[in-house]
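*Asks:* This is the structure I have questions about; it appears just below.
Chains as they are written, first to last, in my numbering: chain A, 145 to 420; chain B, 25 to 80.
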């Protein structure tokens, strides 16, 4: 089969995916977005496209282009759009009854203060399309929230006029990153950090995690809630059990592969080729 | 394989197994450069800065 990999940066993950395609006896067709344009008239003769663009916008539009050509795309543009927007993600999780922290949306300072008051401080304010934990803010009290909202409203982007305000889940110095499809969990790690933001991109340390029944159950339900795919799911351990923080459609996994020994690139290729 | 730094025009050595999308540093001026390919030739451009919608 001819398996395309659409990407911008050749990171360890993209290398591993291309190697896995070749090792599994298929033809890898890398498409570097900064080298050549893509065409709606393209006769690419592909069987599967794996989307690996780091920019969520480029990931969504390239997925959409190949879908128009009738090619199977992993992950699909719909799933990438849902995962690329925290409001759409929360909406899908709530609709499917998947546990997620209590969240409110506000559209100005007064609304944000009311939302936080009803959630109870501390609260977390997140960009609705953010990533790598950037610009995620913790407000311990009203004064801090006022400052955060004023800063957000000074940013000239309509996305920052939507204030996504979430209860702060007191976690035990770690959270979970799970790699899963709509059928099963592939690997799971703890991300351990002294800081409340535990992304490994932000210095969180990866440690292998046992895949419990609870992890398997919530992760598979979360993937199904957003429409299926091969996804990275962030879970937090709350007093009421696991809750889903977010899902990632173009997931990074080099640290997770290293500490768990699971060849996540190969699992992704297997999924893309139609195996669950 | 050799390419030219678009910032200082110094020659930059590329590894034999280089792939488009790799980042390299210009040994002369220190610029971070992205390898891209045009008509079978590997060229260098200044690496894009991290965008608002980058990451996971």
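For glycine and all other residues, C-beta sits at the position ideal for the given N, C-alpha and C. A quick note: this is a predicted structure, and the numbers were derived from the prediction, not measured.
On the three-state DSSP scale, how would you describe residue 234 (chain A)?
*Replies:* helix
*Asks:* Using beta-carbon positions only, say whether residue 171 (chain A) and residue 146 (chain A) come within less than 8 Å of one another.
*Replies:* yes
*Asks:* Taking C-beta pairs closer than 9 Å, name the residues in chain A that residue 62 (chain B) reaches, listed in chain order.
*Replies:* 179 and 180
*Asks:* Is any beta-carbon of chain B found at less than 8 Å from that of residue 376 (chain A)?
*Replies:* yes
*Asks:* Counting Cβ pairs, one atom from each stretch, are 3 or more of them under 8 Å apart for the stretch 194-203 of chain A and the stretch 365-373 of chain A?
*Replies:* no
*Asks:* Looking at the secondary structure, which residues open and close the alpha helix (DSSP H) in which residue 257 (chain A) lies?
*Replies:* 253-263
*Asks:* Can you give me the C-alpha to C-alpha distance between residue 381 (chain A) and residue 334 (chain A), rounded to a whole angstrom?
*Replies:* 11 Å
*Asks:* Is residue 198 (chain A) close to chain B? Criterion is C-beta to C-beta, closer than 8 Å.
*Replies:* yes
*Asks:* Any Cβ of chain A within less than 8 Å of the Cβ of residue 43 (chain B)?
*Replies:* Among the CB atoms of chain A, one or more fall inside 8 Å of the CB of residue 43 (chain B).
*Asks:* By Cβ distance, which residues of its chain are closer than 6 Å to residue 279 (chain A), with the 5 residues on each side in sequence left out?
*Replies:* 271
*Asks:* Can you tell which of A:202, A:260 and A:350 has its C-alpha closest to the C-alpha of residue 178 (chain A)?
*Replies:* A:202
*Asks:* I want to verify the contact list: residues of chain B whose CB lies under 8 Å from the CB of residue 394 (chain A), in sequence order.
*Replies:* Per Cβ cutoff of 8 Å: 80.
*Asks:* Tell me, please, whether the stretch 241-258 of chain A touches the stretch 376-390 of chain A by the rule of three or more beta-carbon pairs shorter than 8 Å.
*Replies:* In short, these stretches touch, since the Cβ pair count reaches three.
*Asks:* On a Cα-Cα basis, can you pick out the residue from A:403, A:329, A:359 and A:315 that is closest to residue 349 (chain A)?
*Replies:* The shortest C-alpha to C-alpha distance from residue 349 (chain A) to any of A:403, A:329, A:359 and A:315 is the one to A:403.
*Asks:* State the Cα-Cα distance for the pair residue 353 (chain A) and residue 396 (chain A), rounded to the nearest angstrom.
*Replies:* 17 Å
*Asks:* Find out if the Cβ-Cβ distance for the pair residue 297 (chain A), residue 290 (chain A) is shorter than 8 Å.
*Replies:* no
*Asks:* How far does the beta strand (DSSP E) with residue 399 (chain A) in it reach, from first residue to last?
*Replies:* From DSSP, residue 399 (chain A) is part of no beta strand (DSSP E) but of the alpha helix (DSSP H) over 398-404.
*Asks:* Near residue 228 (chain A), which residues of its chain fall below 7 Å by C-beta distance, leaving aside the five closest residues on each side in sequence?
*Replies:* 200, 204, 273 and 393
*Asks:* Would you identify the three-state DSSP class for residue 156 (chain A), choosing helix, strand or coil?
*Replies:* Helix.
*Asks:* Can you list, in chain order, the stretches of the beta strand (DSSP E) that have 3 or more residues and sit fully within the stretch 336-402 of chain A?
*Replies:* For secondary structure counted as the beta strand (DSSP E) over 3 or more consecutive residues, the stretch 336-402 of chain A holds these complete runs in sequence order: 349-352, 375-382 and 385-392.
*Asks:* DSSP three-state label for residue 184 (chain A), please.
*Replies:* coil
*Asks:* CA-CA distance, residue 79 (chain B) and residue 150 (chain A)?
*Replies:* 15 Å
*Asks:* Any beta carbon of chain B sitting closer than 8 Å to that of residue 152 (chain A)?
*Replies:* yes
*Asks:* Quick one: measure Cβ to Cβ for residue 217 (chain A) and residue 374 (chain A), integer angstroms, because I've assumed they're closer than 8 Å.
*Replies:* Actually they are not in contact, since the Cβ atoms of residue 217 (chain A) and residue 374 (chain A) sit about 12 Å apart, beyond 8 Å.
*Asks:* Are residue 211 (chain A) and residue 225 (chain A) closer than 8 Å when you measure CB to CB?
*Replies:* no
*Asks:* Whose C-alpha, out of B:49, B:25, B:41 and B:61, is nearest the C-alpha of residue 32 (chain B)?
*Replies:* B:49
*Asks:* If the cut-off is 7 Å on Cβ atoms, which residues from the stretch 49-61 of chain B count as contacting chain A, listed in chain order?
*Replies:* 58, 60 and 61
*Asks:* State buried or exposed for residue 64 (chain B), treating a residue as buried only when at least 16 other CB atoms are found within 10 Å of its CB.
*Replies:* exposed
*Asks:* Which residue's Cα is closest to the Cα of residue 418 (chain A): A:327, A:398, A:275 and A:281?
*Replies:* A:327
*Asks:* Would the beta-carbon of residue 287 (chain A) fall within 8 Å of that of residue 265 (chain A)?
*Replies:* Taking 8 Å as the Cβ cut-off, residue 287 (chain A) and residue 265 (chain A) do not qualify as a contacting pair.
*Asks:* State the start and end residues of the unbroken beta strand (DSSP E) segment that holds residue 67 (chain B).
*Replies:* 65-70
*Asks:* For chain A, is any of its Cβ atoms less than 8 Å away from the one on residue 47 (chain B)?
*Replies:* yes
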